[in-house]
Amino acid sequence: GAVVSQHPSRVICKSGTSVKIECRSLDFQATTMFWYRQFPKKSLMLMATSNEGSKATYEQGVEKDKFLINHASLTLSTLTVTSAHPEDSSFYICSARTTTTGELFFGEGSRLTVL
Amino acid sequence: GNSVTQMEGPVTLSEEAFLTINCTYTATGYPSLFWYVQYPGEGLQLLLKATKADDKGSNKGFEATYRKETTSFHLEKGSVQVSDSAVYFCALESYNFNKFYFGSGTKLNVKP
Chain B
848 GAVVSQHPSR VICKSGTSVK IECRSLDFQA TTMFWYRQFP KKSLMLMATS
898 NEGSKATYEQ GVEKDKFLIN HASLTLSTLT VTSAHPEDSS FYICSARTTT
948 TGELFFGEGS RLTVL
Chain A
169 GNSVTQMEGP VTLSEEAFLT INCTYTATGY PSLFWYVQYP GEGLQLLLKA
219 TKADDKGSNK GFEATYRKET TSFHLEKGSV QVSDSAVYFC ALESYNFNKF
269 YFGSGTKLNV KP
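The listed protein sequences correspond, in order, to chains B and A. The first sequence maps to residues 848 to 962 in our numbering. The second sequence maps to residues 169 to 280 in our numbering.
The structure is reproduced here in structure tokens:
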């Protein structure tokens, strides 16, 4: 099946620094990608919808300036956590929707730990 | 609004036991319903789906029926295996086709 790859899978950073997480669709094109945050024992929370070549659409309560999303090509979206703080520590998951079937595929997730 | 509620885990079963994981939803319009599975260290994978009322999704021995009257989409398997140990997420896709809403996930542990 289609593959979505996230990198890095784990990252540890100091408070105040910025971290970039990449999401790539390896064998299909995706005009739309989604970024989720998964809290322990809680569901995936949709953070934003990323459309290739346009600005991301953020969900209510998600800070646009804190979580910068860029969808530069049909196979790559990036999430940058700016000026990270310990409360930003979480598991971030991306998904990509194929342009052909509309099916959604998920990345393996990226574990962010802010010290 | 749209939301999904699923039973809390973990669920621990012996191999070959019958599995039910309950899922109910609230939604505007006519959503599509999904079960995703997350194996340790991996991303979410689509397990099965149903796009309209009374549809039954099935895959790998798992089944779920879209029940509009009870707004439910319970996951069942007649005989679980150790390899089924994973976290299972119930989800709905809103009728305007651009957002997924997930339940909190149910961890399944199957013991030999």
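Each residue gets a CB set at the ideal place from its N, CA and C atoms; glycine is no exception.
Kindly list, in the order they appear in chain A, the residues whose Cβ is closer than 8 Å to that of residue i.
| i | result |
| --- | --- |
| residue 954 of chain B | 211 |
| residue 851 of chain B | 211 |
In this structure, how does DSSP classify residue i when only helix, strand and coil are distinguished?
| i | result |
| --- | --- |
| residue 226 of chain A | strand |
| residue 909 of chain B | coil |
| residue 930 of chain B | coil |
| residue 200 of chain A | strand |
| residue 850 of chain B | coil |
| residue 250 of chain A | helix |
Closer than 9 Å by beta-carbon distance: list the chain A residues that pair up with residue i, in chain order.
| i | result |
| --- | --- |
| residue 889 of chain B | 272, 273 |
| residue 940 of chain B | 211, 212 |
Please list, in chain order, the chain B residues whose beta carbon lies closer than 9 Å to that of residue i.
| i | result |
| --- | --- |
| residue 268 of chain A | 881, 883, 891, 893, 942, 951 |
(message) Counting beta carbon pairs with one atom in the stretch 881 to 894 of chain B and one in the stretch 902 to 911 of chain B, are three or more of them shorter than 8 Å?
(response) Yes: the two stretches touch, three or more of their Cβ pairs being nearer than 8 Å.
(request) Take every Cβ of the stretch 950 to 960 of chain B, pair it with every Cβ of the stretch 864 to 882 of chain B, and state whether three or more of those distances are shorter than 8 Å. (result) Of all C-beta pairs linking the stretch 950 to 960 of chain B to the stretch 864 to 882 of chain B, three or more are shorter than 8 Å, placing the two stretches in contact.
(message) Is it the case that the stretch 235 to 252 of chain A contacts the stretch 189 to 202 of chain A, given that we only count it when at least three CB pairs across the two stretches are under 8 Å?
(response) Per the Cβ contact rule, the stretch 189 to 202 of chain A is in contact with the stretch 235 to 252 of chain A (3 or more Cβ pairs under 8 Å).
(request) Please determine if the stretch 173 to 183 of chain A and the stretch 222 to 237 of chain A are in contact, where contact requires at least 3 C-beta pairs separated by less than 8 Å. (result) Between the stretch 173 to 183 of chain A and the stretch 222 to 237 of chain A there are fewer than three inter-stretch CB-CB distances shorter than 8 Å, so the stretches are not counted as touching.
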